[in-house]
Every structure is written in C-alpha cells, then in structure tokens.
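Report on one structure; see the data block that follows.
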Amino acid sequence: MKKIAILFVVFFCSVSLWAQTIEDDATWKLKTDTVRALKHYKAGDNWFIGIQAGANHSLSENSRFGSFGAMTRPSIALSVGKYFSPAIGARVQLAYLKQMSRANSEVIEAFPEVYGKGNYGFNMFNGYLDGLFNLHNIFAQYDEDIRFNVVGILGMGFNSSFGFDDKVKEWDKSPSEEFAPYQISTDNKTFFSLRAGLQFNYMLSNALDINLEATFNATDDAFNGTHYDRKWDSYANVMLGLTYHFKDQYGDRRFRYTEVNDQAWVDELNRKINEERNKPVPAPVVTEVKKEVVKNEMLGMTVSFIIDKYNITDIQKKNVAEAAKYLEDHPEVNLIITGYADVQTGNPAYNLKLSQRRAEAVCNMMVKEFGVDPSRIRVDYKGDSLQPYQLKNEWNRVVVFITEARNK
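Count the sequence shown with mature numbering (1 follows the signal peptide of the UniProt record, and there is no 0) and you get residues -19 to -1, 1 to 389, in order.
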C-alpha cells in the first residue's frame, strides 16, 4: 500500500513539473477587455427634421364660456433639431396656428345683434427653442432597439398675433351708454412665451418616427388683442407628426454601440514582452558595489483606456499591480504617473482634464488597493500636447510610469 501511495506522489509531482515547464516555455499572451460603448459622435451627427399637424385650444379669458369645439382651431409646425446624447437634445420649431377668443358674456347677452356668439378669430405664428429630454434614457440605460420613448419638452420663444377678424372693429362702438364696448386691438404684436409638454414617439423604421405631442403654452395676456386682470394667457396644443432622422458619419440614423478595445496596443505590448523573454539570461557578474545613479526611464507596463474614459478595466488593473510591485522591488526609485489623451478626440482643454483624471485614477488605485506609499508616487498629465505613440493615435489614451530617484 505504501508503495502505491509513493508512486502516486511521484506521478503527480512529475505532471506538475512538466506543466510548469510548458507554461514557462509557452508564448506569453495578454488579453484585452472588450467594452460596449457608444460610438464617438461629432457636431454633424444625430440631426432630425419633423413636421406636425393638429389642433390648439384657447385658455384665454372668457374662452371657458364658449364651446370646446368653437375654441379649438388647427395648427401646423416644422422642426429641426439634434440629439447631443441619447438622453438630451434640442430643436427649433416654427408653427402657424389659427386661434379663437371670445368677448365677455355680459355684452354678448345684452347685444347679440352686435356681438353674435361673441367669438372672434385671429392668426398666430410662433417660434420656440426647445430642450428635449428622453425620460427612458435619463433613468435607464440606452437601448438602441427600443421602439417607444417619452420625451419631455421645455422651451422658450415668441408668439406673434395678427389677422384679427374684421368684425371686431365694429365692437369698438358702444351700442349703449350703459355698456362700455368690448375693445380688441387688431395691431400685429409679438410676445415672449414659455411652454412645457410631452412627446410620445414610436419608431416606425430606422429613419422614421411617428409622434404625438401635447404642450401647454404661456404667453402675454394681450396676445388675443385684449387685456384682463392677469399677466399671462395660455393655450394648449396637441399635434401628430413624423420625424425623419438623417444619417451620421457612420451611415447610421440613431445612436449605436460599438465594441471597443485596445487590441492593437495590447498586441504590440505582447510582442515586446515576448521579445524580452526570449533574450538569453546573462551570466551573473561580480562587480564592485557603487552608488547607482537612477535615470528617468519609462517602465514597460502602461495602463490604457477606452476613448473618453478614465475608469480602469480589470485587465488594466493587472498593470497597475505590476507597477506597485516594481516599487516594492526597487526601493531606490519613485514613480511619476503621467496621463495622456489622444489628439484626434476632444479639444485641448478637455483632453488636459481627461489625462489628469486618468493619472489620478491610477494613483488612487496604487495607494488604496495596493498599499503604495503616497510619497513614492506623483501625478503628471500632458493632455494631447505630447503624444508618446506616433504609430497609432489610440495608443495615446494611456498612463505611463516614469522612474525618478528617491530622496530618502
């Protein structure tokens, strides 16, 4: 029994040593993370145009005494806009509306031969700059395949009133000394306005949406030609429309995800690592111990980043750990943690801040997760003013480690 046990031990030790030899001799290969992220978009991307038609309902003074149908008139609108992200956009909208308003009930009932039903019409042209807030994408992760979205609308603009019915000119004449006439100013006038609303979108195709939009509009009390005892008048507008999305630089019409990695950079790093591993190990040489002068040198390990990001992925965390181990093994040096950003993305001011955040993220990880003495590392950042890698622009989304002499 003892002989069998001894044979098993010898067998497993042999297998273990053989496996270790294979691992040492094999080509070392580092794998990179693959991250799903939105594509990088420019100012000319994610534009749309829309057309809508519907009806507006006056909420001005005396309108509540008229029938709903009488106070409701048609509207049409044209919009042009852009989404800056899946959650936030803006548009400019121009609209033409027929509007109805009404004289007060006292004069209508007293002089029906003059005022008739008391309703009068006019035309209105308005323009708004609206902020668009996709509620689904604000509160949940963007899903490029979702078909239904609710968009909040907040806007400011102008309302211009003109083209009042000719009959209101007759209302300026008092039919009786007991009643003052119901006067309507027929002059063209323009007033500041605000609005809020919701738009319900359904994606018919990659290029086209159908939408139902409802807004509440507040403007000056005099927009309907007469003043009451309040500052604001209002009206509601409900329209059905179509939105056409233009193609972007990638040929898409919506925001799209892409699989992002730094495989090119990792392939180059693998090549350099394996070149070093294949070099013969020189025989040890006994030399006289002298005080070594530490030169500023860039370490082989670096930390790469996804475009426009400064979070450290799991695979890159291993490189931070190697830098921390290097400091532990080399007490005579400190490290300068230097951040960079690629020159083809963003602008110089933004890239300088991005490179600072990348360097600080690496510094914080070394101190908090790997226990590095903060006095042995310092942060530097170059933005896109320097590009350490000329061959591939994306390689410059990186943090490098540079040695310097340690002052004990």
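Ideal Cβ positions, reconstructed from N, Cα and C, are used throughout, including at glycine.
If you measure from the CB of S44, is any heavy atom of the ligand SAM nearer than 8 Å? No copy of the ligand SAM occurs in the structure displayed, which carries no ligand at all.
Taking 8 Å as the limit between beta carbons, can you name the residues of its chain near Q164, skipping five residues before and five after? If we look at Q164 and ignore the five residues flanking it on each side, its Cβ neighbours are W152, D153, T207.
For N328, which of helix, strand or coil comes out of DSSP? Reduced to three states, the DSSP call for N328 is coil.
Taking the beta carbon of M81 as the centre, do at least 16 other beta carbons fall within 10 Å, making it buried, or is it exposed? Buried, since its Cβ has 16 or more Cβ neighbours within 10 Å.
For my contact list, M105 and S142 are in at a C-beta cut-off of 8 Å; report their separation, rounded to the angstrom. Sure, about 5 Å apart at Cβ, within 8 Å.
Tell me whether R339 is buried or exposed, calling it buried when 16 or more other Cβ atoms sit within 10 Å of its Cβ. The residue is buried, with at least 16 neighbouring Cβ atoms inside 10 Å.
With a Cβ-Cβ cutoff of 9 Å, do V73 and L110 count as a contact? Yes; because the gap between Cβ atoms is below 9 Å, this pair is in contact.
Find out if the Cβ-Cβ distance for the pair A76, Y101 is shorter than 9 Å. Their beta carbons are not under 9 Å apart, which means A76 does not touch Y101 by this criterion.
Runs of 3 residues minimum, wholly inside the region 52 to 115: which ones carry the beta strand (DSSP E) assignment? Runs found: 53 to 64, 69 to 83, 100 to 115.
Is the distance from the Cβ of Q33 to the Cβ of N292 below 9 Å? Cβ atoms of Q33 and N292: not closer than 9 Å.
So L113 packs on I134, CB below 8 Å; how close in whole Å? Cβ atoms of L113 and I134 come within 8 Å of each other, at about 6 Å.
Would you kindly report the start and end of the unbroken alpha helix (DSSP H) that includes E309? Element bounds for E309: 295 to 310.
Helix, strand or coil for I288? Go by DSSP, reduced to three states. Reduced to three states, the DSSP call for I288 is coil.
Backbone CA spacing between I383 and A177 [nearest angstrom]: Going from the Cα of I383 to the Cα of A177 covers about 55 Å.
When the Cα atoms are used, what is the spatial distance from F173 to F29? A direct Cα-to-Cα measurement between F173 and F29 gives close to 26 Å.
Between which residues of its own chain and G144 is the CB-CB distance below 8 Å, once the five residues before and five after are set aside? So the qualifying residues of the chain are F103, N104.
Measure how close the beta-carbons of A71 and G62 come, nearest whole angstrom, since I'm counting them as under 8 Å. Contact check for A71 and G62: beta-carbon distance about 6 Å, within the 8 Å limit, so the pair qualifies.
Smallest Cα separation from G320: which of D365, T326, N277? Minimum Cα-Cα distance from G320 among the listed residues D365, T326, N277 corresponds to D365.
W(-2), DSSP secondary structure in three states: With a pLDDT of only 39 at W(-2), under 50, the local geometry of the prediction cannot be trusted, and the value read off the model is given with reservation. Three-state DSSP puts W(-2) in a helix.
For K170, does the three-state DSSP call read helix, strand or coil? Under the three-state reduction of DSSP, K170 is assigned to strand.
Answer with buried or exposed for N279, where buried requires no fewer than 16 other C-beta atoms within 10 angstroms of its C-beta. For the sequence presented, residue 279 should be read as Met rather than Asn. Flag for M279 reads exposed.
Given a threshold of 16 other Cβ atoms within 10 Å of its Cβ, counted over all protein chains shown, does I119 qualify as buried or as exposed? I119 comes out exposed.
Closest Cα partner of T283 within the set P312, N198, V381: Here the closest residue by C-alpha is V381.
Hey, how far is the Cα of E375 from the Cα of A24? Per the coordinates, the alpha-carbon of E375 lies some 21 Å from the alpha-carbon of A24.
Return helix, strand or coil for S336, following the three-state DSSP convention. In the structure shown, S336 adopts helical secondary structure according to DSSP, grouped into three states.
Counting along the chain, where does the beta strand (DSSP E) carrying T224 start and finish? 213 to 226 is the extent of the beta strand (DSSP E) around T224.
Reduced DSSP secondary structure (H/G/I, E/B, other) of R176: Residue state, collapsed to three classes: strand.
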